[in-house]
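A short write-up of the structure that comes next.
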Amino acid sequence: ENMTSNLLLLILCYIIMISFLFFLPRYTKKILTTAGKQLLSFNKKTDVKYYGVLIFAFLLVFLMYFQKTTLYAVIINACAVLGFFIVCKESSLKKHYGVYENMIIVNSTFVEYSDIITFPILDLPKDEQQNYPKNCLTIATKSKGKVDLLFATDEECQQAIQKLQELQIIKL
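Residue numbering for the sequence shown is 10 to 181, as defined by my numbering.
Here it is in structure tokens:
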């Protein structure tokens, strides 16, 4: 009885995890189709830690098979599946980190230019802008609310701002 429910939980988790691997490339392709041509590219290096988390998530689900099926086991499996999803999404878009014709992609976050309302921090006086991180571009959007794009470096953020000014997305 317990082994059967554990086996079903294991199979369910692995089916969900494998489906992420199958559907995320299609999701990424759809985003890139909307994005248009890449105009500015940033660091696309995928960290080794991503692969470590993927392996750990698979192992965690497997190890939970040997535990008594309880709410605790279900929660641990759900966390492993969630972690797996986050890392898959992050690594699938990280390769395409940059400024495009129709949107900007930073890590796993993307914002279409047509969705932008304003850039709240950039609208502040220069002396007040100094109170905010220089590697963060804050965007107010219609559909997602406030979005913080966290760049790897201050220089990358400034390059993105400059490119968005050239495209007339940011009007200072």
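C-beta: ideal position from N, C-alpha, C; glycine also.
All of these numbers come straight from a predicted model, not from anything done at the bench.
(message) Looking at the strands, I want to know which residues DSSP matches up with Leu133.
(response) If you number the sequence shown from 1, residue 133 lands on position 124. Paired residues: none, contrary to the question.
(request) Count the other C-beta atoms from every protein chain shown that fall within 10 angstroms of the C-beta of Leu146, then say buried if there are 16 or more, exposed otherwise. (result) Taking the sequence shown and counting its residues from 1, the one referred to as residue 146 is at position 137. Result: buried.
(message) So, with DSSP's three-state summary, where would you put Ala149?
(response) Counted from its first residue, the sequence shown places residue 149 at position 140. Ala149 falls in the strand class under three-state DSSP.
(message) Let me confirm a value: Thr79 is counted as buried when at least 16 other C-beta atoms fall within 10 Å, else exposed. Which label applies?
(response) As a working note, residue 79 is residue 70 in the sequence shown. Thr79 should be labelled exposed.
(message) Quick check on Leu68: buried or exposed, where buried means 16 or more other Cβ atoms within 10 Å of its Cβ?
(response) Looking up residue 68 in the sequence shown gives position 59. Its Cβ having fewer than 16 others within 10 Å, Leu68 is exposed.
(request) Tell me whether the beta-carbon of Val57 lies closer than 8 Å to the beta-carbon of Cys22. (result) Translated into positions along the sequence shown, residue 57 becomes position 48. Translated into positions along the sequence shown, residue 22 becomes position 13. Val57 places its beta carbon 8 Å or farther from that of Cys22.
(message) Between which two residues does the beta strand (DSSP E) holding Glu121 run?
(response) The residue you call residue 121 lines up with position 112 of the sequence shown. Start and end: 118-121.
(request) Kindly indicate which residue of Met73, Ser100, Lys98 has the alpha-carbon position closest to the one of Ala87. (result) Taking the first residue of the sequence shown as position 1, residue 87 is located at position 78. Cα-wise, what sits closest to Ala87 is Met73.
(request) Please state whether DSSP places Gly92 in a helix, a strand or coil. (result) Working through the sequence shown from its first residue, we reach residue 92 at position 83. Of the three classes helix, strand and coil, the one that applies to Gly92 here is helix, per DSSP.
(message) Closest to Leu131 by C-alpha separation, out of Ala66, Leu41, Thr43, Ile178, would be which residue?
(response) One-based indexing of the sequence shown puts residue 131 at position 122. The shortest C-alpha separation from Leu131 is found at Ile178.
(request) Measure how close the beta-carbons of Leu159 and Val115 come, nearest whole angstrom, since I'm counting them as under 8 Å. (result) Against the sequence shown, residue 159 aligns to sequence position 150. Against the sequence shown, residue 115 aligns to sequence position 106. Indeed they touch by this definition, with Cβ atoms about 7 Å apart.
(request) Might you give, ordered along the chain, the residues of its own chain that have their beta carbon closer than 6 Å to the beta carbon of Ser101, omitting 5 neighbours on each side? (result) Reading the sequence shown from its first residue, position 92 is the one you call residue 101. Closer than 6 Å at the Cβ level, and outside the excluded window around Ser101, lie Leu33, Thr37.
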